[in-house]
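Numbered according to the UniProt record's numbering, the sequence shown terminates at residue 375, and the numbering increases by one at each position without gaps.
The beta-carbon is built from N, C-alpha and C at its ideal position, and this holds for glycine as well.
Values in this document were obtained by computation on a predicted structure and should not be read as measured data.
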Amino acid sequence: MKHDYDVVVVGGGLAGLTAAIHLSLEGVSVLVLEKNTYPHHKVCGEYVSNEVLPYLQKLGVSLQGAGAPAISKFQLSQVNGKVLEAELPLGGFGVSRYAFDELLYKRALEVGVEIQFEKVTGILFKESSFEVVISNGEKFTSRVVLGAYGKRSTLDKKLNRDFITEKSAWVAVKNHYKWDVFPDDVVALHNFHGGYGGLSKTESGEVNFCYMAHYHSFQKFRKVEDFNEQIIAKNKFLKVFLQEAEPVFEQPLTIAQISFRPKKAVEDHVLMIGDTAGLIHPLCGNGMAMAIHSAKIASELVVPYLKSGQENRSRLEKNYQQEWKRAFKTRLYWGRQLQRILLRPALSNSIMSLVGKSPKLLKATIAATHGKPLL
Ligand SMILES: Cc1cc2nc3c(=O)[nH]c(=O)nc-3n(C[C@H](O)[C@H](O)[C@H](O)COP(=O)(O)OP(=O)(O)OC[C@H]3O[C@@H](n4cnc5c(N)ncnc54)[C@H](O)[C@@H]3O)c2cc1C
Numbered sequence: 001m002k003h004d005y006d007v008v009v010v011g012g013g014l015a016g017l018t019a020a021i022h023l024s025l026e027g028v029s030v031l032v033l034e035k036n037t038y039p040h041h042k043v044c045g046e047y048v049s050n051e052v053l054p055y056l057q058k059l060g061v062s063l064q065g066a067g068a069p070a071i072s073k074f075q076l077s078q079v080n081g082k083v084l085e086a087e088l089p090l091g092g093f094g095v096s097r098y099a100f101d102e103l104l105y106k107r108a109l110e111v112g113v114e115i116q117f118e119k120v121t122g123i124l125f126k127e128s129s130f131e132v133v134i135s136n137g138e139k140f141t142s143r144v145v146l147g148a149y150g151k152r153s154t155l156d157k158k159l160n161r162d163f164i165t166e167k168s169a170w171v172a173v174k175n176h177y178k179w180d181v182f183p184d185d186v187v188a189l190h191n192f193h194g195g196y197g198g199l200s201k202t203e204s205g206e207v208n209f210c211y212m213a214h215y216h217s218f219q220k221f222r223k224v225e226d227f228n229e230q231i232i233a234k235n236k237f238l239k240v241f242l243q244e245a246e247p248v249f250e251q252p253l254t255i256a257q258i259s260f261r262p263k264k265a266v267e268d269h270v271l272m273i274g275d276t277a278g279l280i281h282p283l284c285g286n287g288m289a290m291a292i293h294s295a296k297i298a299s300e301l302v303v304p305y306l307k308s309g310q311e312n313r314s315r316l317e318k319n320y321q322q323e324w325k326r327a328f329k330t331r332l333y334w335g336r337q338l339q340r341i342l343l344r345p346a347l348s349n350s351i352m353s354l355v356g357k358s359p360k361l362l363k364a365t366i367a368a369t370h371g372k373p374l375l
């Protein structure tokens with residue numbers, strides 16, 4: 001079995017698989033190490049911004065082909081019943097992570113990416129190359145490692161990353177529901193005390209309901225159902241949804257310790273992509289597009305680096321950090337501001353009234369957290 005590659009990608013989510021496809025199409029030998037098999041469900045709002053469509057098409061991945069409904073309308077509601085509706089400037093698609101990650105996985109295999117279902121336990125940089133260790137002790141070597149292992153991992157502890165020592169107070173819950181009356185072309189964001197939840201349809205026709213809640217508000221309830229009934233159902237839209245819709249999964253998926261702290265895009269020579277480099281607040285509906293975009297930025301720098309014959313690692317790392325900041329720093333800033341506003345009822349009510357009167361202002365607000373179409 002081969003053990004030496006140009007690039008090892010740690011984690012085969014959206015960022016890792018996108019980078020692997022891109023690099024393999026450029027003739028780079030790539031190994032992806034992913035701890036779970038495909039397909040599997042993940043906690044995510046499952047609304048993908050259209051900004052990544054042209055790039056995905058270039059890589060040979062079609063969300064329309066997977067039956068994902070096109071979304072062009074946005075609805076926002078407050079606990080007091082105030083609603084704002086608008087056309088989305090760019091729009092997007094509703095696709096489950098179950099389908100999306102598998103679509104990329106199949107494309108990766110088609111273009112020659114090697115994928116092994118193993119948990120990575122260590123990444124060691126030794127002079128000019130890496131040694132990547134998996135749970136059975138086996139080792140792989142490569143010239144470049146892309147860290148694409150998501151929001152939080154024991155690998156972050158091993159790399160001594162700053163954010164990992166701090167507790168984060170956010171939890172997220174997701175389930176799919178049967179609820180035919182929900183329109184195909186809408187993504188809705190509904191506010192409740194201590195959090196917010198998104199509703200949108202996926203390729204299966206099921207509605208994804210995914211919410212984020214502050215742990216302080218969540219911890220008082222012993223069961224998700226109790227939290228839904230006593231906190232979430234105070235929003236009249238979500239009350240109707242929870243009364244009428246039929247859950248598909250027996251148990252909802254949950255995650256905790258979601259950190260929005262700034263991270264470094266390069267750690268111990270590993271180029272971090274996707275959530276491993278930084279996570280935008282989910283209310284922006286743009287984390288997946290950012291994960292894919294960061295994979296593109298890294299791949300476009302890694303290809304000439306590997307092909308140059310005169311590898312200048314410090315220049316590669318510096319360029320990646322700069323490009324990453326240029327693409328995402330402002331978006332992350334606006335994501336943080338919007339989240340602050342949304343979680344303060346009085347402030348968000350007055351801002352909603354203002355934005356409701358001006359479609360231009362709403363467009364500008366959405367644009368501040370989104371990018372331009374990626375070519
Ligand atoms: C509540 C919530 C709602 C969201 N809603 C939306 C939305 O509607 N739209 C949107 O665009 N974004 C949304 N996001 C953001 C989006 O989910 C992420 O930005 C996106 O999943 C990032 O992809 P990724 O590839 O970086 O990470 P992931 O998809 O998490 O992939 C990481 C992969 O690495 C693997 N892995 C981890 N550790 C190891 C290891 N040690 N060895 C091997 N493999 C490993 C994991 O199994 C996983 O497959 C939301 C996020 C949250 C928290």
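Span of the beta strand (DSSP E), counted from its first residue to its last, around residue i
i           : result
residue 170 : 170–178
residue 70  : 70–77
residue 124 : 120–126
residue 115 : 114–116
residue 448 : The displayed coordinates of the chain run from 1 to 375. Any statement about residue 448 would go beyond what the structure contains.
residue 330 : Looking at the DSSP string, residue 330 is not in any beta strand (DSSP E); the run it does join, the alpha helix (DSSP H), is 313–342.
residue 295 : From DSSP, residue 295 is part of no beta strand (DSSP E) but of the alpha helix (DSSP H) over 287–307.
residue 4   : 4–10
residue 130 : 129–134
residue 32  : 30–33
Cβ-Cβ separation, residue j to residue i (assumed contact under 8 Å), whole Å
i           : j           : result
residue 172 : residue 43  : 5 Å
residue 259 : residue 152 : 7 Å
residue 45  : residue 210 : 5 Å
residue 170 : residue 215 : 7 Å
residue 198 : residue 187 : 6 Å
residue 175 : residue 249 : 5 Å
residue 96  : residue 204 : 7 Å
residue 374 : residue 293 : 6 Å
Strand pairing of residue i, partner residues [DSSP]
i           : result
residue 94  : 47
residue 196 : 191 and 212
residue 83  : 77
residue 253 : 174
residue 267 : 270
residue 246 : 178
residue 201 : 207
Same chain only: Cβ atoms within 7 Å of residue i, ignoring 5 sequence neighbours per side
i           : result
residue 148 : 9, 10, 11, 13, 15, 16, 19, 273, 274 and 276
residue 38  : 101, 102 and 105
residue 22  : 59, 295, 296 and 299
residue 5   : 29, 30, 31, 140 and 142
residue 201 : 69, 94, 182, 184 and 207
Residue i, enclosing alpha helix (DSSP H) - first and last residue
i           : result
residue 21  : 14–25
residue 184 : Residue 184 -> no alpha helix (DSSP H), and no H or E assigned at all.
residue 270 : First-last for residue 270: 270–272, but that is the beta strand (DSSP E), not the alpha helix (DSSP H).
residue 154 : 154–158
residue 226 : 224–230
residue 54  : 53–58
Chain-order list of residues whose beta-carbon lies under 8 Å from that of residue i (same chain, five-residue window excluded)
i           : result
residue 246 : 177, 178 and 179
residue 219 : none
residue 266 : 272, 317, 320 and 321
residue 369 : 280, 284, 286, 331, 334, 335 and 338
residue 161 : 263, 264 and 267
residue 351 : 341
residue 306 : 6, 7, 28, 143 and 144
Close-in-space but distant-in-sequence residues of the same chain around residue i (CB under 6 Å, 5 per side omitted)
i           : result
residue 303 : 26
residue 107 : 21, 60 and 61
residue 323 : 297
residue 371 : 51
residue 190 : 77, 197, 235, 237 and 238
residue 63  : 93 and 95
Can you confirm whether the segment 153–171 touches the segment 295–313 when touching is taken to mean that 3 or more C-beta pairs between the two stretches lie within less than 8 Å? The way I'd put it, the segment 295–313 doesn't touch the segment 153–171; fewer than three beta-carbon pairs between them come closer than 8 Å.
Cβ contact (3+ pairs, closer than 8 Å) linking the segment 124–141 and the segment 242–254: No, because fewer than three Cβ pairs between the segment 124–141 and the segment 242–254 fall closer than 8 Å, the two stretches do not touch.
Does the segment 82–92 come within contact of the segment 46–54, defined as at least 3 CB pairs closer than 8 Å? Touching, yes, given that three or more Cβ pairs across the two stretches are closer than 8 Å.
Does the segment 108–115 come within contact of the segment 69–85, defined as at least 3 CB pairs closer than 8 Å? No, the segment 108–115 does not touch the segment 69–85.
Determine, using beta-carbon pairs with one atom in the segment 113–127 and one in the segment 135–145, whether at least three such pairs fall under 8 Å. Cβ pair count under 8 Å is three or more, so yes.
When you compare the segment 229–240 with the segment 75–84, are there three or more beta-carbon pairs, one atom per stretch, that lie closer than 8 Å? Two segments are said to touch when three or more pairs of C-beta atoms, one from each, lie closer than 8 Å; by this definition the segment 229–240 touches the segment 75–84.
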